[in-house]
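Number of protein chains: 2
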Amino acid sequence: MATTVADILKANNLSITDSRKSILELFKLSKGALAHADIEKKSSAQFDRVTIYRTLQTFVDKGIIHTIPTADNSVLYALCKDDCSAGHHHDNHVHFICDSCDTTYCLDHVTIPSVNLPEGFTQKQTDVVVSGVCKNCE
Amino acid sequence: MATTVADILKANNLSITDSRKSILELFKLSKGALAHADIEKKSSAQFDRVTIYRTLQTFVDKGIIHTIPTADNSVLYALCKDDCSAGHHHDNHVHFICDSCDTTYCLDHVTIPSVNLPEGFTQKQTDVVVSGVCKNCE
DNA sequence: AGTAATGTGCAACAAAGTTGCAAATTATTT
DNA sequence: AAATAATTTGCAACTTTGTTGCACATTACT
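Which chain is which? The protein sequence lines are X and C, in order. With the first sequence counted from 1, adding 14 to any position gets you my numbering. With the second sequence counted from 1, adding 14 to any position gets you my numbering.
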């Protein structure tokens with residue numbers, strides 16, 4: 015069965031509202047990650063800036079989307095895979111940012127390599143951000 | 015010979031000014047990385063906000079410091095190692111952010127693991143940010 | 001010491017993000 | 001299905017963060 019955006023909201027105990035449905039739909043349609051600014055542009059006519067902020071924050075809290083660290087200080091958001099939204103949240107996958115077209119990809123099938131930390135350091139989460147040229151731009 | 019901050023500035027064809035010396039000194043004294051806000055707090059009485067922005071930008075351009083991507087959308091700056099400032103800039107090392115004390119470490123001796131990208135993707139730079147508990151906080 | 005080049009501070013602005021509160025929408029109860 | 005309770009939204013006002021132009025000051029050069 016194809017999970018609709020409404021299903022996802024329901025599964026996370028969230029009220030089903032227009033803004034949440036639209037913004038979630040945006041993520042489903044987008045291949046890569048979205049910046050807050052992207053979302054604002056694509057729906058600012060419809061929704062208030064503040065609503066978008068709060069919606070994104072809610073989605074992050076519920077584990078529906080996750081943030082991606084970038085070198086240029088912009089926050090990116092991307093949809094978590096199905097097994098995330100089901101409960102055990104894990105966004106330990108590699109992100110790829112194309113220098114040419116600026117698209118951010120979640121490379122879900124690339125496993126995070128293990129990192130050998132010095133004595134006394136405990137690892138909880140690892141973010142790997144690779145930049146370069148994507149398959150569409152080379 | 016111990017390289018002074020003035021030496022570093024000279025080596026990069028930068029005028030030696032009070033603000034640059036002080037800010038560079040801050041980095042030398044700090045073990046971890048610094049956020050812009052940190053620098054502003056520790057020297058805002060002395061220097062204008064704008065000067066700090068411009069100084070940091072200059073240092074990044076010259077390869078004296080580098081930026082670190084973080085998940086919470088704050089930019090961190092850290093001193094590059096000596097061989098960076100000598101010319102061939104490389105900040106491909108692992109960064110560690112302590113969840114407890116919020117200090118960011120540059121783990122220069124931990125090598126970046128190689129990542130197997132899908133067909134058609136070309137890798138240029140890799141940033142690895144690990145979060146967890148550092149050796150002072152456990 | 002004097003001139004050219006560079007850097008700094010101020011002001012004004014733009015962008016990004018936050019908070020409180022009343023109105024509107026969604027969910028729940030009867 | 002209507003009424004109430006619980007959420008959510010939009011507005012306004014504000015804070016923080018970052019940028020730009022320009023006059024003045026400082027540093028470097030001869």
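Beta carbons are placed, not taken as given, at the ideal position from N, Cα and C, and that holds for glycine.
Alpha-carbon spacing of residue i relative to residue j, whole angstroms
i: Ser88/C; j: Asp32/X; result: 31 Å
i: Gln137/C; j: Val129/X; result: 19 Å
i: Gln139/X; j: Ala59/C; result: 37 Å
i: Ile82/C; j: Asp141/C; result: 8 Å
i: Lys149/X; j: Gly134/C; result: 4 Å
i: Ala100/C; j: Thr17/C; result: Here the model assigns Ala100/C a pLDDT of 43, short of 50, so the residue's position is not dependable, and the following value carries that caveat. Straight-line Cα distance between these residues: approximately 12 Å.
i: Val143/C; j: Asp122/C; result: 13 Å
i: Ile111/X; j: Ser145/X; result: 5 Å
i: Ile66/C; j: Ile22/X; result: 45 Å
i: His80/X; j: Leu70/C; result: 29 Å
i: Thr84/C; j: Thr72/C; result: 21 Å
i: Asp113/C; j: Asp75/X; result: 17 Å
i: Glu39/C; j: Ala51/C; result: 16 Å
i: His109/X; j: His109/C; result: 16 Å
Pair within 8 Å by beta-carbon distance, residue i and residue j
i: Cys151/X; j: Cys115/X; result: yes
i: Leu90/X; j: Ala49/X; result: yes
i: Arg63/X; j: Glu54/X; result: yes
i: Arg34/X; j: Leu43/X; result: no
i: Ile126/C; j: His107/C; result: yes
i: Ser57/C; j: Ile37/C; result: yes
i: Val124/C; j: Leu131/X; result: yes
i: Ala20/X; j: Thr118/X; result: no
i: Asp93/C; j: Phe41/C; result: According to the sequence provided, residue 93/C is Leu. The question's Asp does not apply to it. It is a contact, given that the beta carbons lie within the stated cut-off.
Residue-level contact to chain C via CB, residue i, 8 Å cutoff
i: Phe135/X; result: yes
i: Gly146/X; result: yes
i: Ser36/X; result: no
i: Thr84/X; result: yes
i: Glu54/X; result: no
i: His102/X; result: Because the pLDDT at His102/X is just 46, under 50, the model does not fix this residue reliably, and the point stays unresolved.
i: Ser128/X; result: yes
i: Lys24/X; result: no
i: Asp113/X; result: yes
Test: residue i CB closer than 8 Å to a CB of chain X
i: Asp2/C; result: Given that chain C is displayed from residue 15 to residue 152, the structure contains no residue 2/C and the question cannot be resolved.
i: Phe73/C; result: no
i: Phe41/C; result: no
i: Phe61/C; result: no
i: Val108/C; result: yes
i: Leu28/C; result: no
i: Asp21/C; result: no
i: Val64/C; result: no
i: Cys98/C; result: Summary for Cys98/C: the model assigns pLDDT 46, below 50, so the residue's position carries little reliability; its value from the coordinates is reported in the next sentence. No - not a single Cβ of chain X is within 8 Å of the one on Cys98/C.
i: Lys76/C; result: no
i: Leu131/C; result: yes
i: Asp3/C; result: The structure shown does not extend to residue 3/C, since chain C is modelled only from 15 to 152, so the question has no answer here.
i: Lys45/C; result: no
Proximity test, residue i beta-carbon vs the ligand COA heavy atom, cut-off 7 Å
i: Ser128/C; result: With respect to the ligand COA, the structure offers nothing, as it holds no ligand at all.
Continuous alpha helix (DSSP H) stretch holding residue i: start and end
i: Ser36/X; result: Asp32 to Leu43
i: Leu23/X; result: Val19 to Ala25
i: Glu54/X; result: His50 to Ser57
Curious, which full-length beta strand (DSSP E) runs of at least 3 residues does the segment 60-144 of chain X contain?
79-82, 90-93, 107-112 and 118-125
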